[in-house]
Amino acid sequence: MDWKTLQALLSGVNKYSTAFGRIWLSVVFVFRVLVYVVAAERVWGDEQKDFDCNTRQPGCTNVCYDHFFPVSHIRLWALQLIFVTCPSLLVIMHVAYREDREKKNREKNGENCPKLYSNTGKKHGGLWWTYLLSLFFKLTIEILFLYLLHKMWDSFDLPRLVKCASVDPCPNTVDCYIARPTEKRVFTYFMVGASSICIVLTVCEIFYLIFKRVVRTARKWKKTTKRSVSYSKASTCRCHLKLEEKENKSQNRSVAALRASAPNLTLI
Numbered sequence: 071m072d073w074k075t076l077q078a079l080l081s082g083v084n085k086y087s088t089a090f091g092r093i094w095l096s097v098v099f100v101f102r103v104l105v106y107v108v109a110a111e112r113v114w115g116d117e118q119k120d121f122d123c124n125t126r127q128p129g130c131t132n133v134c135y136d137h138f139f140p141v142s143h144i145r146l147w148a149l150q151l152i153f154v155t156c157p158s159l160l161v162i163m164h165v166a167y168r169e170d171r172e173k174k175n176r177e178k179n180g181e182n183c184p185k186l187y188s189n190t191g192k193k194h195g196g197l198w199w200t201y202l203l204s205l206f207f208k209l210t211i212e213i214l215f216l217y218l219l220h221k222m223w224d225s226f227d228l229p230r231l232v233k234c235a236s237v238d239p240c241p242n243t244v245d246c247y248i249a250r251p252t253e254k255r256v257f258t259y260f261m262v263g264a265s266s267i268c269i270v271l272t273v274c275e276i277f278y279l280i281f282k283r284v285v286r287t288a289r290k291w292k293k294t295t296k297r298s299v300s301y302s303k304a305s306t307c308r309c310h311l312k313l314e315e316k317e318n319k320s321q322n323r324s325v326a327a328l329r330a331s332a333p334n335l336t337l338i
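Numbers 71 to 338, taken from the working numbering, label the letters of the sequence shown in order.
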């Protein structure tokens, strides 16, 4: 698997990620991908070859190994890393879609035409929902793979001795020994811990995005409320002024009528 290609693709996500997203990406590549490529693959490289059972029955060792290791740790982690990093590509694809729309708009209406987006990488509108959806995908995948790892190997533990009973073609209970169980247990705990840190960072980023969106909406609502209140006040003042003008005009007309009807009358 070419992890460099995946890293090159995901490096563009840093431009559109929050601080939590950048930390998450660093943890994935430094503490998970790098450890996986440099050390974990070598530790599990001889797992089936050194899975030793105290029997000479043909096929019994392979069947016992498949019974206790339906999926290898190393292959399960590879799938986990692929599925966890793929949702981030949704954000890159959405930004690329926005940039393509902006380009077509300029070609159609000219270079001085109004922009469709103030910033194609800014998390507003549909891009905000795409980013939030990618975070929920990451969180679901991380929890699902941790559950599978815990379900297949109880409490992420690797015992030194496993007993293979009532499994054909093994004739009776067979004792099998795992190669370097302590070393594999340490790497298992390390990978589980790194995955747990990524889960915490993803949850923090989800709450951060939602909180930021709520604050922005509240500010917009306050601004619109202030504008409506000031507009209503201004309109009320104008109405009062108009009423006063009408009253003054009516008084002036009545006074003029009295003077016309009685020119010798003196008004007190």
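Built from N, CA and C at the ideal position, the CB exists for glycine as well.
### Query
DSSP state of Leu337, grouped into three classes?
Along the sequence shown, one-based indexing puts residue 337 at 267. Only weak support exists for where Leu337 lies, its pLDDT of 42 falling under 50; the value from the coordinates is given anyway. Looking at Leu337 - three-state DSSP - the assignment turns out to be coil, as it is neither helix nor strand.
### Task
Would you please state the rounded distance, in angstroms, between the beta carbons of Ile144 and Leu202? I believe it to be under 8 Å.
Along the sequence shown, read from residue 1 onward, the residue named residue 144 stands at position 74. Along the sequence shown, read from residue 1 onward, the residue named residue 202 stands at position 132. Actually they do not touch by this definition, with Cβ atoms about 32 Å apart.
### Task
Output the residue ranges of the alpha helix (DSSP H) runs that lie fully inside the stretch 123–191 and measure 4 residues or longer, sorted by chain position.
Here the runs fully enclosed are 130–138, 143–155 and 157–179.
### Query
With burial defined as no fewer than 16 other Cβ atoms inside 10 Å of the residue's Cβ, what is the status of Ala166: buried or exposed?
Locating residue 166 in the sequence shown gives position 96, where the first residue counts as 1. Exposed, since its Cβ has fewer than 16 Cβ neighbours within 10 Å.
### Message
For the structure I just gave you, are there three or more beta carbon pairs, one from the stretch 249–269 and one from the stretch 221–230, closer than 8 Å?
### Response
Because the criterion of three Cβ pairs below 8 Å is met, the stretch 249–269 and the stretch 221–230 touch.
### Task
Could you check which residue in Ser158, Thr295, Gly129 and Ala264 has the C-alpha nearest to that of Phe101?
The residue given as residue 101 occupies position 31 in the sequence shown. When each option's Cα is compared against that of Phe101, the closest is Ala264.
### Task
Answer with buried or exposed for Ser87, where buried requires no fewer than 16 other C-beta atoms within 10 angstroms of its C-beta.
What you label residue 87 is simply residue 17 of the sequence shown in a count that begins at 1. So Ser87 counts as buried.
### Message
If distances are taken between C-alpha atoms only, which option among Ile93, His194, Ile267 and Lys185 comes closest to His164?
### Response
Locating residue 164 in the sequence shown gives position 94, counting from the first residue. Distance from the Cα of His164 is smallest, within the candidate group Ile93, His194, Ile267 and Lys185, for His194.
#### Entry: Those residues which DSSP pairs with Val284 across a bridge
The residue labelled residue 284 in the question sits at position 214 within the sequence shown. When beta bridges are read from the DSSP output, Val284 appears opposite no residue.
### Task
Check whether the Cβ atoms of Pro37 and Phe90 sit closer than 9 Å, and answer yes or no.
In the structure displayed, the chain extends from 71 to 338; residue 37 sits before or after that span and is not available.
#### Entry: Given Thr200 as reference, the closest of Asn179, Ser188 and Ile162 once Cα atoms are compared
Along the sequence shown, one-based indexing puts residue 200 at 130. The shortest C-alpha separation from Thr200 is found at Ile162.
### Query
Are there three or more Cβ pairs, one per stretch, closer than 8 Å when the stretch 274–292 is compared with the stretch 167–177?
In this structure the stretch 274–292 does not touch the stretch 167–177; the number of beta carbon pairs closer than 8 Å is below three.
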